[in-house]
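*Asks:* Heads up: the sequence shown runs through residues 1 to 758, numbered per UniProt numbering.
Let me give you the structure first, and then I'll get to my questions.
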Amino acid sequence: MNNRFRKLLRDQLRKDGWKVNMVGSKSVGIDQIHDISHLSTSSKPNIILINAGVNDCKNGIDIPNIGSRFASLLDNLFNDVPGTTLIVSTLIPGTDPDVERYRAEVNRQYRALVSDRRARGQKIVLAEMDGVAGYFDTRVGTGDYFDETHPNDKGYTKMAAIWRKAINTAESEGKLIAPADALGIDDSGNNTCDIQYGNSDSTQRNTQSGSGWDDGIYVHWSSAQGVRHTISSTEETSFWFATIATRNGLDDIIQYGGTVAGGRSYSVYRNRGAATWDATPTTLTIPDACIARGVRWADMNGDGLDDFVCIAPGGELSVAINRGNFVFEYTGAGKYKTSEGYLQARIHLADIDGDGRFDYCAAHDNGDIQCWRNGGRSDTADLWQDMGIAFTGKNTGDLDGVRFSDINGDGRSDWLWLNDQGATEDDLLPTTNTTVVFQTEVEASSRQVNPRAAVHTYTINVWKNEGIGGSKLKSDGNRYCNMRGRSNGRQDYVWIFSNGKMHIYEALDSFADNPPYWGNNYVMFDLTGSRAMDRRDLHLADWDGDGACDIIYTNPDGGAVEVWMNRIKTTGDFNWEYIGNPSPELSCDQKRGVGINDLAVRFADLSGNGRPDYLCMEKDGRTKGYLHNSDGSFTLIPQFKKTDNFDRANYRWADVNGDGRADLIWTDDFKGDATVWTNQGMVQSGDSSFTWVNKGPSYNAPAQGHCLHFPDLDGNKRADMLFAEAVENSAQTWFNTCPNGSGDDADTLTSPALPSPP
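If you want it as structure tokens, here you go:
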């Protein structure tokens, strides 16, 4: 049954005094409906509505035999649900020439089939959608149609009226009986049920056609800065660039010293900014015997300082954590990662996923780069996730030229290849079909060596990276919240710029088959003239519980709150009212990470009172914070939820089962499937003030976890699953309905009265 007239018909039948549960599925043709009809018949409906054949006409599928194929479907339904009544519709008129070529013939066969079945005493009624010329105004836009085939709201209202007329005919002819009892079907319309893996709507809907803004494809340009530093040495030596001294993102110069008592010595020339380094180095001793070709410097724990890494000849990793102040400390006996079967020369360390922790990568013989994600949440890597092939070989030949560095400033390492003359090819993450060639810039050096000289002189040449673009994705700005205060909670789509400016796309009553999928769109909030705010620190949540989402800013240093109150419920427009630090007790001792989703502070209604609680999440997901009481006050909660040893960036909070309380979702960043812990309310469980039940994988996701959102787009109080493609930001949504189909529709009994059909 087409979902576009579903609610209109259901509301009218309920107004007529019927208890109605609508079950079923969407499909594309008669044969497909036949194949999945069990999704409807298992619920034992006493009336089955069938509207099928448009796609068969569109594609010219076996039109001479469509009646016999349809008859097979009817037999299947009668056999599966004894006593049911079938309501069969003819096809509505339209202007699509492919459909109109066959529509009259299909309708002729349908009418003959229904007439024959009625004469044989079967419980079947025709819903005549093509009986009176002019009933449907086939003009697109100004008439009853959205496009050449599909009605708009006016057209669906007329269809619902014909369905109602046919149902009333069946009732007057004594063809209706009470539905049989079916497991899980509840006439109360209760919408609370656990989601079951794979049981969201089997057919996803397109819900975004591509929106938002990015900063374009990366375009490289560099400016020569000349020789910026000179180092003299009595021996040939090795150099690295890494953030050693301070968490300022600037690379210090590290010079290999040699063996000393207690390990190996290194000279660190601190970066003072503007490509200037200290003339006199600080000596650093690492308690390790790693030779120079195995040494790497990389941030393995995501704290902003690069750690010491030794890659053994067999590919194993040992790590000494940089504690700051030039102190390095081994943890776990220094053993960090076992080998994946690749030797030292093939191993690269790179932050592939942009979470601030360097991952482990290996080059295949053909140049493909396979990576294992560093899933650590502390100084050790608690898990390594096989990411598969992160980069395909570029046919550059010599694998010794492969490097990784963040060229475009998005926090993720890009692939580079250096030839013998220092020219570089670059391939960016995410893949954007962009390749640039430029002179080596970061970590550029030239060496003047006379093997007979007593002193070797090394000059550091710098090319400043002036490239622009490629660092911001359209999907980075996606947010969803009920900004306009709809009574059913249906969420609007809000796109937030990196500087905090907000653009709203208003929710419509339903999603069309083709764009536009949203209503009016316009700038909703903009303080950029006086103040820019990082979008990672901006949250949308209903602060005061009035049914409309407000804007909340959390200071990244300490978590203090500012709120812009949404006054649409009282004034008819947003009319933002600023409240600075409304609750001074709110604070969070955690810092957000590098990625767009690695947030320390979240807001979600865990108690179910309509107000968002203040959640402070540690890196491993352990959550503490403040309960937001109904009177607006806050209560400190030492622990809402214990850790389950997953990384914080992949956690989401949303009401999965429709009980009014936010549940916890963890998305697999590569497989995509989402595990759910349902919120059982404020019942003490161990050290946690709330009780949680692990339901295991519950969302069957189509893509990587960081591409998933869990908004309520249909207003049934349950978290749907939305997949947003990163570059163009088109999106598909799988709607979260109760598996038995008995969940209530949003805004029940609010549809207008149906017209009287001819």
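Positions of the beta carbon are idealized from the N, C-alpha and C atoms, including for glycine.
Do you know offhand how far A52's Cα is from L126's?
*Replies:* 13 Å
*Asks:* With distance defined between alpha-carbon atoms, name the residue in I217, F634, G672 nearest to E585.
*Replies:* F634
*Asks:* Measuring alpha carbon to alpha carbon, tell me which residue in G559, A604, L73, N581 is nearest C588.
*Replies:* Nearest neighbour of C588 by Cα position, chosen from G559, A604, L73, N581, turns out to be G559.
*Asks:* Leaving out five residues on either side along the sequence, give the residues of the same chain with a beta carbon under 8 Å from the beta carbon of V140.
*Replies:* T95, F146, D147, E148
*Asks:* Under a Cβ-count criterion, where at least 16 other Cβ atoms within 10 Å of its own Cβ denotes burial, should S37 be classed as buried or exposed?
*Replies:* Low per-residue confidence applies at S37: pLDDT is 45, beneath 50, and the placement is therefore not dependable, though the value from the model is reported in the following sentence. Counting Cβ neighbours within 10 Å, S37 comes out buried, since at least 16 surround it.
*Asks:* Can you have a look at Y480 and say buried or exposed, based on whether 16 or more other CB atoms are within 10 angstroms of its CB?
*Replies:* buried
*Asks:* Among residues of its own chain, excluding the 5 on either side of G83, which ones have a beta-carbon nearer than 8 Å to its beta-carbon?
*Replies:* These residues qualify, in order along the chain: N46, K123, I177, A180.
*Asks:* Which class does R479 belong to by DSSP, given the choice of helix, strand or coil?
*Replies:* strand
*Asks:* Determine, using beta-carbon pairs with one atom in the region 315 to 322 and one in the region 351 to 359, whether at least three such pairs fall under 8 Å.
*Replies:* no
*Asks:* For H628, which residues of its own chain have a beta-carbon under 7 Å away from its beta-carbon, when the five flanking residues on both sides are left out?
*Replies:* Excluding sequence positions up to five before and after H628, its CB lies within less than 7 Å of the CB of R611, P612, D613, Y614, F634, all in the same chain and listed in chain order.
*Asks:* If I follow the unbroken alpha helix (DSSP H) through P97, where does it start and stop?
*Replies:* Note, P97: alpha helix (DSSP H), 97 to 119.
*Asks:* Here's the rule I'm using: 16 or more other beta-carbon atoms within 10 Å means buried, otherwise exposed. How should N408 be labelled?
*Replies:* The residue is buried, with at least 16 neighbouring Cβ atoms inside 10 Å.
*Asks:* Counting Cβ pairs, one atom from each stretch, are 3 or more of them under 8 Å apart for the region 656 to 665 and the region 673 to 683?
*Replies:* yes
*Asks:* Taking the alpha-carbon positions, what's the D712 to K591 distance?
*Replies:* 28 Å
*Asks:* Name the DSSP beta bridge partners of C193, please?
*Replies:* In DSSP, C193 forms no bridge with anything.
*Asks:* Quick one: is I177 near chain B, going by C-beta distance under 7 Å?
*Replies:* Absent from the structure: chain B. Only one protein chain is present.
*Asks:* What separation, rounded to the nearest whole angstrom, lies between the Cα atoms of M565 and G500?
*Replies:* 16 Å
*Asks:* Output needed for I231: all residues of its chain with C-beta closer than 6 Å, excluding positions within five of it in sequence on either side, in chain order.
*Replies:* Y458
*Asks:* Can you list, in chain order, the residues of its chain whose CB lies under 7 Å from that of A71, leaving out five sequence neighbours each side?
*Replies:* Only L113 meet the Cβ criterion.
*Asks:* What does a CB cutoff of less than 7 Å around G686 pick up in its chain, not counting 5 residues either side in sequence?
*Replies:* K642
*Asks:* I48 by DSSP, collapsed to three states: which one?
*Replies:* strand
*Asks:* Do S475 and A726 have their beta-carbon atoms positioned less than 7 Å apart in this structure?
*Replies:* yes
*Asks:* Would you mind stating whether A275 and V462 have Cβ atoms separated by less than 7 Å?
*Replies:* Their beta carbons are under 7 Å apart, which means A275 touches V462 by this criterion.
*Asks:* Relative to the alpha-carbon of G621, which residue among E128, Y256, G376 has its alpha-carbon at the smallest distance?
*Replies:* G376
*Asks:* Among the residues of its own chain, which have a CB less than 6 Å from the CB of Y699, if the five just before and after it don't count?
*Replies:* A674, M721
*Asks:* Tell me whether the beta-carbon of F710 lies closer than 7 Å to the beta-carbon of A719.
*Replies:* yes
*Asks:* To the nearest angstrom, report how far apart F646 and W495 are at their CA atoms.
*Replies:* The straight-line gap from Cα to Cα measures roughly 28 Å.
*Asks:* How is H706 classed by DSSP in three states: helix, strand or coil?
*Replies:* helix
*Asks:* Can you give the Cα-Cα distance for L508 and A654, rounded to whole angstroms?
*Replies:* 21 Å
*Asks:* To which residues of the same chain is G155 closer than 7 Å at the C-beta, ignoring the five residues directly before and after it?
*Replies:* Excluding sequence neighbours, G155 sits near F136, D144, Y145.
*Asks:* So, for S339: in the same chain, excluding its five sequence neighbours on each side, which residues have a beta-carbon less than 6 Å away from its beta-carbon?
*Replies:* So the list reads G314, G315, E316, once near-sequence residues are dropped.
*Asks:* Can you tell me which of the three DSSP states W163 falls into?
*Replies:* Taken through DSSP and simplified to helix, strand or coil, W163 comes out as helix.
*Asks:* Quick one: Cα of K394 to Cα of R403, how far?
*Replies:* 13 Å
*Asks:* Skipping 5 residues on each side, what residues in its chain have a beta carbon closer than 7 Å to that of I637?
*Replies:* For I637, the CB contacts under 7 Å within the same chain, skipping 5 residues up- and downstream, are K624, G625, Y626, L627, S689 in chain order.
*Asks:* Using DSSP's beta-bridge definition, name the partner residues of E562.
*Replies:* BP columns for E562 point to Y553, G580.
*Asks:* Give me the residue from K337, A363, I369, W415 with the minimum Cα distance to L383.
*Replies:* K337
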